[in-house]
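**Student:** End of the sequence shown sits at 444 in my numbering; the numbers just go up one at a time, nothing left out. Ideal Cβ positions, reconstructed from N, Cα and C, are used throughout, including at glycine. None of these values were measured; they are calculated from a predicted model. Please read through the structure below; I'll follow up with questions.
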Amino acid sequence: MFGTKNLCSSLYIGSKLLIVLNGYDVIKEALIKRADDFSDRPVMVFDELMGYQGKGLAFASGDVWREHRSVTLNIFRKLGLDENVLATKVTAEVNRFLGHLDESDGQPVNIRELISASTSSIICAILLGQVFQYDDPRFENIIRDIQTIIRNNQQIVMMSYFPLLKLLPLDVLGYKNLLQTMEALYGEFKLWIEESRNRDPRDNFISAYLTERTTRVRQGHTTTLDEINLLKVVSDLFIAGSETTSATIVWFILYMLNYPDVQRKIFNEIDQHVEKGRAPTLRDKPKLTYVVASILETQRLSSISPVSIVRTCPKDVHIKGFTVPRGSLVVPNLDSVLFDKTIWGQDAKLFRPERFIDEQGQLKVPEEFVPFGLGRRVCLGRTMANTELFLYISRMVQTFEFLPPRPGQPPSMNYVLGLTAVPEPYLVRALRRNTCRK
């Protein structure tokens, strides 16, 4: 996306100076060793217009971000969202997903829509404590609105850099429609909050947050917890929690269509180590080295978030001989790390899971593996995402063989960049294996 020869590249976007950090060493220096200087978020125009500027998690800074990060992690722990408890929820959803996929009867399908519905259902269960049917109108509207926001993320970014663009006649950039979509989505999340007021706080995130806020207020503590922040946190968690996993699975299936030998090796490993008559579980993960390596390689090569979310510096900062002026925008270029040939080899642009396996056949994960970012603002849901990816992917390949609609003609690996980098729409045939185990 950006040039990677210089440790720091800079350009002006309108009146704003944008500085791109390239390479693992400089990104680590900024996000870990100099975290105090590189953790704040800039003003986002859409959030400002809707009254949510600086709220929630993703685009909050200072006390709001620190308290909400701590509270969110604490609620996750109270809900039991460690690997084993989460696995129970995910396994139930994977079973439902596979049932829907089986209904395609081996005919070409757009698998992204089904995967998006399935992963979104998991985050609904966590946030609201409710599992929706895929064809529930409320659920369909949420997914539609989120996909619209994800698809049009570039317009959101452009509006933040060039706020006067919203004044263009005829709404040529779709600003008004996008704002209406965001208002509709937040309207649904407001209903979720109302529905959660009298629910068991041990059952869902929203009720747990409301209970924690009440406790802090009654005890006289100063707190940033309120319903506006809750609304933004729900939005942040839903979009990140559903999109990251679904986009990665869509990339994985595309790689399987383009690298059938890898798909064969994955199935053979599962067939060797998982007893007939049952599905893979997290207990099998240490034995399924090639499966895990293929997931890691999918995360690396797909690089669904090629750059980390933009930051801003509260003061002039000097890093690696480069000056980052106060108030400038800073973007860590994760692609410059994930595709660095000095780390991953000359074939860094190829799909090769073996790069994550050492000579003894054990898994090896270099510290430069940073698809979730690094430092204080690393993705909070990375553990959940990794659990979901393993359970979805291992079960999918165990149950189905994935083939292109026409033999020997796999879809292209071109992608579309919105909030995440996702493949262009493609069709796939999912053929139930003769040896599948229900």
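Near PRO372, which residues of its chain fall below 7 Å by C-beta distance, leaving aside the five closest residues on each side in sequence?
**Tutor:** Translated into positions along the sequence shown, residue 372 becomes position 366. Excluding sequence neighbours, PRO372 sits near ILE349.
**Student:** With PHE396 and ALA436 assumed to form a contact (beta carbons below 8 Å), what rounded beta-carbon distance in angstroms separates them?
**Tutor:** Translated into positions along the sequence shown, residue 396 becomes position 390. Translated into positions along the sequence shown, residue 436 becomes position 430. With 8 Å as the limit, PHE396 and ALA436 do not qualify as a contact, their Cβ atoms being about 19 Å apart.
**Student:** Determine the burial state of LYS321: buried for a count of at least 16 other Cβ atoms within 10 Å of its Cβ, exposed for fewer.
**Tutor:** Position 315 of the sequence shown, counted from the first residue, corresponds to residue 321. Exposed: under 16 other Cβ atoms inside 10 Å.
**Student:** When you compare each of VAL51, PHE375, ARG270 to THR304 by their alpha carbons, which one comes out closest?
**Tutor:** In the sequence shown, counting from the first residue as 1, residue 304 sits at position 298. Among VAL51, PHE375, ARG270, the Cα nearest to that of THR304 is on PHE375.
**Student:** Would you report the Cα separation of LEU23 and THR318, rounded to the nearest angstrom?
**Tutor:** The residue you call residue 23 lines up with position 17 of the sequence shown. The residue you call residue 318 lines up with position 312 of the sequence shown. Cα to Cα, LEU23 sits roughly 10 Å from THR318.
**Student:** List the whole-angstrom C-beta distance separating THR389 from ALA253, where the pair is believed to meet the contact cut-off of C-beta under 8 Å.
**Tutor:** On the sequence shown, residue 389 is found 383 positions in, with the first residue counted as 1. On the sequence shown, residue 253 is found 247 positions in, with the first residue counted as 1. That pair is no contact at about 18 Å.
**Student:** Is it a yes or a no for the segment 17-33 touching the segment 340-355, going by three-plus beta-carbon pairs under 8 Å?
**Tutor:** yes
**Student:** Helix, strand or coil: how does DSSP classify LYS321 here?
**Tutor:** Taking the sequence shown and counting its residues from 1, the one referred to as residue 321 is at position 315. LYS321: coil per DSSP, three-state reduction.
**Student:** Kindly identify the DSSP beta-bridge partner or partners of LYS22.
**Tutor:** On the sequence shown, residue 22 is found 16 positions in, with the first residue counted as 1. DSSP output for LYS22 lists ILE19 as bridge partner(s).
**Student:** At which residues does the alpha helix (DSSP H) containing VAL298 begin and terminate?
**Tutor:** Taking the first residue of the sequence shown as 1, we reach residue 298 at position 292. Per DSSP, VAL298 belongs to the alpha helix (DSSP H) from 295-308.
**Student:** Can you tell which of TYR261, LEU185, THR230, GLY247 has the C-alpha that lies nearest to the C-alpha of PHE52?
**Tutor:** Locating residue 52 in the sequence shown gives position 46, where the first residue counts as 1. Comparing Cα-Cα distances from PHE52 to each of TYR261, LEU185, THR230, GLY247, the minimum goes to LEU185.
**Student:** Tell me the residue span of the alpha helix (DSSP H) that contains VAL313.
**Tutor:** Reading the sequence shown from its first residue, position 307 is the one you call residue 313. Run containing VAL313: none; DSSP gives neither H nor E here.
**Student:** Per DSSP, PRO338 is paired with what?
**Tutor:** Here residue 338 refers to the residue found at position 332 when the sequence shown is read from its first residue. BP columns for PRO338 point to LEU27.
**Student:** Can you give the beta carbon distance from TYR398 to PRO417, rounded, assuming they're within the 8 Å contact cut?
**Tutor:** Numbered from 1 along the sequence shown, position 392 holds the residue referred to as residue 398. Numbered from 1 along the sequence shown, position 411 holds the residue referred to as residue 417. At roughly 20 Å, the Cβ-Cβ gap does not stay under 8 Å, so TYR398 and PRO417 are not in contact.
**Student:** Less than 9 Å separating the beta-carbons of ASN147 and GLU99?
**Tutor:** Position 141 of the sequence shown, counted from the start, is the residue given in the question as residue 147. Position 93 of the sequence shown, counted from the start, is the residue given in the question as residue 99. No, the Cβ-Cβ distance between ASN147 and GLU99 is not below 9 Å.
**Student:** Please report the Cβ distance between GLU218 and VAL77, rounded to the nearest whole angstrom; I am assuming they are in contact, meaning their Cβ atoms lie under 8 Å.
**Tutor:** Position 212 of the sequence shown, counted from the start, is the residue given in the question as residue 218. Position 71 of the sequence shown, counted from the start, is the residue given in the question as residue 77. GLU218 to VAL77, Cβ: 6 Å. Contact.
**Student:** If you reduce the DSSP assignment to three classes, tell me which class ALA437 lands in.
**Tutor:** On the sequence shown, residue 437 is found 431 positions in, with the first residue counted as 1. Reading the sequence as shown, one finds Leu at residue 437 and not Ala. DSSP places LEU437 in strand when its eight states are reduced to three.
**Student:** Looking at LYS238: is its Cβ nearer than 9 Å to the Cβ of LEU386?
**Tutor:** Here residue 238 refers to the residue found at position 232 when the sequence shown is read from its first residue. Here residue 386 refers to the residue found at position 380 when the sequence shown is read from its first residue. The answer is no: Cβ separation not under 9 Å.
**Student:** Would you grab the beta carbon distance between LEU134 and TRP198 for me? Rounded to a whole angstrom, and I think it's under 8 Å.
**Tutor:** As a first step, residue 134 is located in the sequence shown; it is residue number 128 there, counting from the start. As a first step, residue 198 is located in the sequence shown; it is residue number 192 there, counting from the start. Right, their Cβ atoms sit about 5 Å apart.
**Student:** Taking 8 Å as the cut-off, is the C-beta of ASN339 nearer than that to any heavy atom in the ligand FAD?
**Tutor:** With respect to the ligand FAD, the structure shown offers nothing to examine, as it has no ligands at all.
**Student:** Shortest alpha-carbon distance to THR287 belongs to which of THR329, ASN392, GLN160, ILE245?
**Tutor:** Working through the sequence shown from its first residue, we reach residue 287 at position 281. When each option's Cα is compared against that of THR287, the closest is ASN392.
**Student:** Between which residues of its own chain and PRO410 is the CB-CB distance below 6 Å, once the five residues before and five after are set aside?
**Tutor:** Here residue 410 refers to the residue found at position 404 when the sequence shown is read from its first residue. Around PRO410: LEU263, PRO416.
**Student:** Can you give me the C-alpha to C-alpha distance between ASP69 and GLU54, rounded to a whole angstrom?
**Tutor:** The residue labelled residue 69 in the question sits at position 63 within the sequence shown. The residue labelled residue 54 in the question sits at position 48 within the sequence shown. So the two alpha carbons sit approximately 18 Å from each other.
**Student:** Note down, in chain order, each residue of its chain lying with its Cβ closer than 7 Å to the Cβ of ARG438, except the 5 sequence neighbours on either side.
**Tutor:** Position 432 of the sequence shown, counted from the start, is the residue given in the question as residue 438. Cβ neighbours of ARG438 beyond the five flanking positions: ASP108, THR405, PHE406.
**Student:** Applying the 10 Å Cβ sphere with the 16-neighbour rule, what's the burial state of SER21?
**Tutor:** To locate residue 21, count along the sequence shown from 1; it is residue 15. That one is exposed.
**Student:** Decide if the segment 210-225 is in contact with the segment 268-280; the criterion is three or more beta carbon pairs, one per stretch, under 8 Å apart.
**Tutor:** The segment 210-225 and the segment 268-280 do not touch, with fewer than 3 CB-CB distances between them shorter than 8 Å.
**Student:** Is the CB-CB distance between LYS326 and ASP31 below 9 Å?
**Tutor:** For the purposes of this step, residue 326 is taken as residue 320 along the sequence shown, with counting starting at 1. For the purposes of this step, residue 31 is taken as residue 25 along the sequence shown, with counting starting at 1. Yes. Within cutoff.
**Student:** In terms of alpha-carbon separation, which member of GLY333, VAL428, GLU394, THR295 lies closest to ASP364?
**Tutor:** The residue given as residue 364 occupies position 358 in the sequence shown. Taking only the C-alpha atoms, the option nearest ASP364 is THR295.
**Student:** From THR229 to GLY333, what distance separates their C-alpha atoms?
**Tutor:** Taking the sequence shown and counting its residues from 1, one reaches residue 229 at position 223. Taking the sequence shown and counting its residues from 1, one reaches residue 333 at position 327. Between the alpha carbons of THR229 and GLY333 lies a distance of about 27 Å.
**Student:** Please report the straight-line C-alpha distance between ILE301 and MET50, rounded to a whole angstrom.
**Tutor:** As a working note, residue 301 is residue 295 in the sequence shown. As a working note, residue 50 is residue 44 in the sequence shown. Each residue's alpha carbon lies about 33 Å from the other.
**Student:** Consult DSSP for ALA427 and reduce its assignment to one of helix, strand or coil.
**Tutor:** Here the question's residue 427 lines up with position 421 in the sequence shown. ALA427: strand per DSSP, three-state reduction.
**Student:** Per DSSP, THR329 is paired with what?
**Tutor:** Within the sequence shown, the letter at position 323 stands for residue 329. Paired residue(s): HIS324.
**Student:** Check each candidate in LEU307, SER314, LEU79 and name the one with the smallest Cα separation from GLY351.
**Tutor:** Position 345 of the sequence shown holds residue 351. Answer by Cα proximity: LEU307.
**Student:** In three-state terms, what does DSSP make of LEU263?
**Tutor:** In the sequence shown, residue 263 corresponds to position 257, counting from 1. LEU263 falls in the helix class under three-state DSSP.
**Student:** Please classify HIS324 as buried or exposed, where buried requires at least 16 neighbouring CB atoms within 10 angstroms.
**Tutor:** Within the sequence shown, numbered from 1, the residue matching residue 324 stands at position 318. HIS324 is exposed by the Cβ-count criterion.
**Student:** Are ASN204 and LEU85 touching if we call contact CB-CB under 9 Å?
**Tutor:** Along the sequence shown, read from residue 1 onward, the residue named residue 204 stands at position 198. Along the sequence shown, read from residue 1 onward, the residue named residue 85 stands at position 79. The answer is no: Cβ separation not under 9 Å.
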